[in-house]
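Here is the structure we will look at, set down as structure tokens.
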Amino acid sequence: MRTAKRITAADVARLARVSTATVSLIVNGKADGRVSAGTRARVLAAVDELGYRVDAVARELATGRRHGVGLIVPDLANPYFSQLTQGVAAGLGGGHRLSLIIADPVRDPDPGSLDRLLAGGVAGILAEAPAADLIRELDGRAPVVVLDRPSPEADHPYVGFALDDGALALADHLLGLGHTRIGYLDADIGAPTFEVRRARMERRLREAAGHGFTGPAVRCRTDIDAAAEAFAARWDAWRAAGVTALVCAADVHAYGVLRAAGRLGVAVPGELSVAAFDDLPFSAVTGPPLTTVRLSAFDLGFRAAELLVGVMGGRPMDAAVPLLPATLRVRGSTAPPAGPSEPRPGAGAGGAR
Numbered sequence: 001m002r003t004a005k006r007i008t009a010a011d012v013a014r015l016a017r018v019s020t021a022t023v024s025l026i027v028n029g030k031a032d033g034r035v036s037a038g039t040r041a042r043v044l045a046a047v048d049e050l051g052y053r054v055d056a057v058a059r060e061l062a063t064g065r066r067h068g069v070g071l072i073v074p075d076l077a078n079p080y081f082s083q084l085t086q087g088v089a090a091g092l093g094g095g096h097r098l099s100l101i102i103a104d105p106v107r108d109p110d111p112g113s114l115d116r117l118l119a120g121g122v123a124g125i126l127a128e129a130p131a132a133d134l135i136r137e138l139d140g141r142a143p144v145v146v147l148d149r150p151s152p153e154a155d156h157p158y159v160g161f162a163l164d165d166g167a168l169a170l171a172d173h174l175l176g177l178g179h180t181r182i183g184y185l186d187a188d189i190g191a192p193t194f195e196v197r198r199a200r201m202e203r204r205l206r207e208a209a210g211h212g213f214t215g216p217a218v219r220c221r222t223d224i225d226a227a228a229e230a231f232a233a234r235w236d237a238w239r240a241a242g243v244t245a246l247v248c249a250a251d252v253h254a255y256g257v258l259r260a261a262g263r264l265g266v267a268v269p270g271e272l273s274v275a276a277f278d279d280l281p282f283s284a285v286t287g288p289p290l291t292t293v294r295l296s297a298f299d300l301g302f303r304a305a306e307l308l309v310g311v312m313g314g315r316p317m318d319a320a321v322p323l324l325p326a327t328l329r330v331r332g333s334t335a336p337p338a339g340p341s342e343p344r345p346g347a348g349a350g351g352a353r
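Residue numbers (full-length UniProt numbering): 1 to 353.
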């Protein structure tokens, strides 16, 4: 099968009866005062008719200006980061190329990957919850906007969520339902965003109930299967400690918990309330729908991209950005506990039923 011929600036010039230099001036926004309105209209009509698209790499080589943006994320398999990437693309608009790097959020970055990213024409970088080492590695090499990492070590513009508000709202919701013995399933990485979620909730529990989270401290990968296995292995211990509600660090963890609870015959929310953070699209249609703190990944990416474009355009690097809201979404996975929230003597101390 023959492939469609690639439309070039020469094709546009031929149709509009102008030079390729004139086409270049117009499509690159440099025609003011240099090209008549009639010629500009004729060229733009030819662009539309032919479906011509500017080659971003060729434009950078011709103008000497970089338009690439690098996005560093820990995991594209997680739907949260897919939404984040969509938000970044929308915030950048059509004038920038987007390159992705997958980087572990807590370990040293791969210098080679960063070198290749920066050598590829990147004019700015968006770093999602980066490790401290990664922030230091990026210092001075390109404009950087940090996403979802409270209190970044370096002085970079930061876009994040009002995590305190969301965590306290979720804690108050569960306490208001009557839960005082609440377990927590955490992410297995020490990213500050996860640390803040857990710490703020635990502080409120200590204020209201006189103690923190109940039962074993459990961490696992942000993965449905890993969370299901972790819950199955620890449910008896949580139940023995009187846990009537379980908070997950992320919605993906909660999906695994709901799956395992169904297999083990644990009624949600009758026997156990389940809640989380993120509010991914699937959370409204799980069985039951998930109570969660909305942390809009799309909005985070969009706002960060807008900020980076401004910084690359000369806006001061210390530009302040209001925190994005962290709003509680109450759904069917939480309800008042079935009975007194007290430890149950005689129940198993661990292992799946």
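Every residue, glycine too, gets a C-beta built ideally from N, C-alpha and C.
The structure displayed is predicted, hence computed values, not measured ones.
{"Query": "How big is the Cα-Cα spacing for F277 and A187?", "Result": "11 Å"}
{"Query": "State the Cα-Cα distance for the pair Y52 and R331, rounded to the nearest angstrom.", "Result": "48 Å"}
{"Query": "Go through the segment 269 to 316 residue by residue and report every complete run of the alpha helix (DSSP H) that reaches 4 residues or more, in order.", "Result": "297 to 312"}
{"Query": "Using 8 Å as the cut-off, can you tell me whether the segment 74 to 85 makes contact with the segment 290 to 301, which would need three or more C-beta pairs spanning the two stretches below that distance?", "Result": "yes"}
{"Query": "Alpha carbon to alpha carbon, how far is R97 from V18? Give it in angstroms, no decimals.", "Result": "28 Å"}
{"Query": "Tell me the DSSP bridge mates of S99?", "Result": "G70"}
{"Query": "Mark A10 as exposed unless 16 or more other C-beta atoms lie within 10 angstroms of its C-beta, in which case mark it buried.", "Result": "exposed"}
{"Query": "Looking at the structure shown, is F194 part of a helix, part of a strand, or coil, going by DSSP?", "Result": "helix"}
{"Query": "Note the first and the last residue of the continuous beta strand (DSSP E) segment covering R219.", "Result": "218 to 220"}
{"Query": "Compare the Cα-Cα distances from D133 to each of P143, A103, R116 and report the closest residue.", "Result": "A103"}
{"Query": "Is it the case that the Cβ atoms of L15 and L50 are separated by a distance below 8 Å?", "Result": "yes"}
{"Query": "Starting from D164, trace the alpha helix (DSSP H) both ways and give me its first and last residue.", "Result": "163 to 177"}
{"Query": "When you compare only the Cα positions, how much space is there between G33 and R40?", "Result": "11 Å"}
{"Query": "Can you tell me whether DSSP reads T63 as helix, strand or coil?", "Result": "Only weak support exists for where T63 lies, its pLDDT of 48 falling under 50; the value from the coordinates is given anyway. Reduced to three states, the DSSP call for T63 is helix."}
{"Query": "Does DSSP classify Y184 as helix, strand or coil?", "Result": "strand"}
{"Query": "Determine the contact status of F194 and L295, defining contact as a CB-CB distance below 8 Å.", "Result": "no"}
{"Query": "What three-state label does DSSP hand I135 in the structure shown?", "Result": "helix"}
{"Query": "Nearest-angstrom Cα distance between V218 and V144?", "Result": "34 Å"}
{"Query": "State the CB to CB distance for the pair T214 and V243, rounded to an integer number of angstroms; the pair is presumed to be in contact (CB under 8 Å).", "Result": "5 Å"}
{"Query": "Could you tell me the distance, in whole angstroms, from the CA atom of A335 to the CA atom of G270?", "Result": "7 Å"}
{"Query": "Within 10 angstroms of its Cβ, does H211 collect 16 or more other Cβ (buried), or is it exposed?", "Result": "exposed"}
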